[in-house]
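Visitor: Let me begin by handing over the structure; questions about it come next.
In this note's numbering, the protein residues as written are 596 to 677.
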């Protein structure tokens with residue numbers, strides 16, 4: 596982050612330019628923020644649709660978490676391919 600300039604040492608033109616630069620930066624940040632919020636909204640909508648399709652049931656409900664943990668820990672053989 597840049598240090599804030601000594602305002603007393605800036606000319607009127609420099610002040611106007613700094614205002615313009617920061618205003619442009621704020622517009623860019625605001626645009627980026629709106630894009631990110633839109634993406635978040637789309638992702639949440641997708642997640643809600645998926646949860647509705649499964650009746651709110653987690654996809655992990657069908658996973659044997661203990662067996663998976665044992666496999667990942669190297670304590671059990673992975674299931675045979677069917």
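Cβ atoms here follow ideal geometry from the backbone N, Cα and C, with glycine treated the same way.
1) Is residue 622 closer than 8 Å to residue 613 when the C-beta atoms are compared?
2) If you follow the alpha helix (DSSP H) that residue 656 is part of, which residue opens it and which one closes it?
3) Do you know offhand how far residue 597's Cα is from residue 644's?
4) Looking at the secondary structure, which residues open and close the alpha helix (DSSP H) in which residue 636 lies?
5) Alpha carbon to alpha carbon, how far is residue 650 from residue 642?
Guide: Walking through what the data contain:
1) If you number the chain shown from 1, residue 613 lands on position 18. If you number the chain shown from 1, residue 622 lands on position 27. No, the Cβ-Cβ distance between residue 613 and residue 622 is not below 8 Å.
2) Working through the chain shown from its first residue, we reach residue 656 at position 61. Careful: residue 656 lies outside any alpha helix (DSSP H) and carries neither H nor E.
3) In the chain shown, residue 597 corresponds to position 2, counting from 1. In the chain shown, residue 644 corresponds to position 49, counting from 1. Rounded to whole angstroms, residue 597 to residue 644 spans 44 Å at the Cα level.
4) To locate residue 636, count along the chain shown from 1; it is residue 41. Residue 636 -> alpha helix (DSSP H) spans 607 to 648.
5) The residue given as residue 650 occupies position 55 in the chain shown. The residue given as residue 642 occupies position 47 in the chain shown. Cα to Cα, the separation comes out at about 12 Å.
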